[in-house]
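Input: a single structure, listed below in structure tokens.
Residue numbers (our numbering): 451 to 824.
Put into structure tokens, the structure is as follows:
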């Protein structure tokens, strides 16, 4: 049988869903892409048996329906080297030999039957469905990935929690020292529930939506999440268990408030971090009227840095320290010209928020301070 497809279309689909395939699979056929052609629609599937990604593409032409599997790494590496042009693909339906002809040559590789390729086990009924804007979802996932844990003893922390409550969808993650929270207003959503999506499928979802526009549709069940756009779909098992009560750890009264230009602070942190101790990565702040002093030092190598910058500070003079690399990551992923830090004292959690929140969205980052000696 023969089918024709654009090389750029095929390559982009393979690169997006190929990220789910792991190096060592317990099921050998999961080293392959599964091709399913029905009419002029091609559906390509990749999976690690816990998370499955599918991509759809329209064929230029096709003479019959077929389903087969072909080694993912070989095909992906070969197709990405071909400039944009139509590819004529010929499949021997008895031996599963696949021939890909392009302008200057051809590839030949052996495929196999797709009968043994596993399909996602979706045993539970969908409990909740809703749509989210891609432009809001992707940065929300990015922020949560920074604060998510990597704890083998508490798998619930190695997740992004989708908390549906009071006509809001909240995306939250925490590793005990940082917390990332984004609340998205959903006035039409009258439901409550909490669903834990692992950080690996969340990262794959972020990659899947990198170039997407418009809305993405969520179908959440007791054990399975299905997320899809017009071109891509992700099906993943949800993590069992309950996410910690994150609301109880967010301070409600931090009276010391500093507002500063975000990019200016990012630049200052990058300069000062060069002189911080490589292990502690400690950055100290001294706050006073309209002034922020940022400093770091490495006693072992006899180096230090100090920088002053203007800010809008309301509160009592104070000194506080944070792990600079973490603080920089958090600030880098908050949108807007200015940010606000809400502080209580040098031993309690600080909050970082945009100085001006976007309509229908509330972003909050929490960071625990570090102990330091004057």
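Where a beta carbon is used, it is the ideal one built from N, C-alpha and C, also for glycine. As the structure is a prediction and not an experimental result, all values here were calculated from the model.
Three or more beta-carbon pairs separated by less than 8 Å link the stretch 790–802 to the stretch 698–711, which places the two stretches in contact. Counting only residues of its own chain and dropping the five nearest sequence neighbours on each side, residue 584 has a CB closer than 8 Å to the CB of 659, 662, 663, 664, 665, 666 and 679. Using a Cβ distance threshold of 9 Å, residue 503 and residue 467 count as a contacting pair. When only Cα atoms are considered, residue 608 and residue 726 end up about 29 Å apart. Note that the stretch 621–634 does not touch the stretch 669–684; fewer than 3 beta-carbon pairs, one per stretch, sit closer than 8 Å. Considered as a whole, the stretch 753–784 harbours 753–760, 762–764 and 768–773 as its complete beta strand (DSSP E) runs of no fewer than 3 residues, in chain order. Listed as beta-bridge partners of residue 665 by DSSP are 583.
Rounded to the nearest whole angstrom, the CA to CA distance from residue 779 to residue 601 is 20 Å.
Per the Cβ contact rule, the stretch 519–528 is in contact with the stretch 553–564 (3 or more Cβ pairs under 8 Å). Remark: C-beta atoms of residue 587 and residue 631 do not approach each other more closely than 9 Å.
Residue 742 counts as buried, since at least 16 other C-beta atoms from the protein chains shown sit within 10 angstroms of its C-beta. Per DSSP, the beta bridge partners of residue 517 are 486. Nearest in C-alpha terms to residue 750, of all of 540, 764, 481 and 730, is 730.
Under the 10 Å beta carbon count, residue 815 is surrounded by 16 or more other beta carbons and is classified as buried. In its chain, beyond the 5 residues on either side, 501, 651 and 675 have a beta carbon closer than 6 Å to the beta carbon of residue 686. Straight-line spacing of the CA atoms in residue 462 and residue 769 works out to 50 Å.
If only complete runs of 4 or more residues are kept, the stretch 781–806 shows no alpha helix (DSSP H) anywhere. The stretch 691–733 is shown to contain whole alpha helix (DSSP H) runs of 4 or more residues at 712–723, in chain order. As computed with DSSP, residue 540 is found in a beta bridge with 452 and 549.
Between the C-alpha atoms of residue 682 and residue 524 there is a straight-line separation of about 22 Å. Taking a contact as a CB-CB distance under 8 Å, the pair residue 804 and residue 786 counts as one, their CB atoms being some 4 Å apart. Between residue 757 and residue 720, the beta carbon gap of about 11 Å keeps them out of contact (Cβ cut-off 8 Å).
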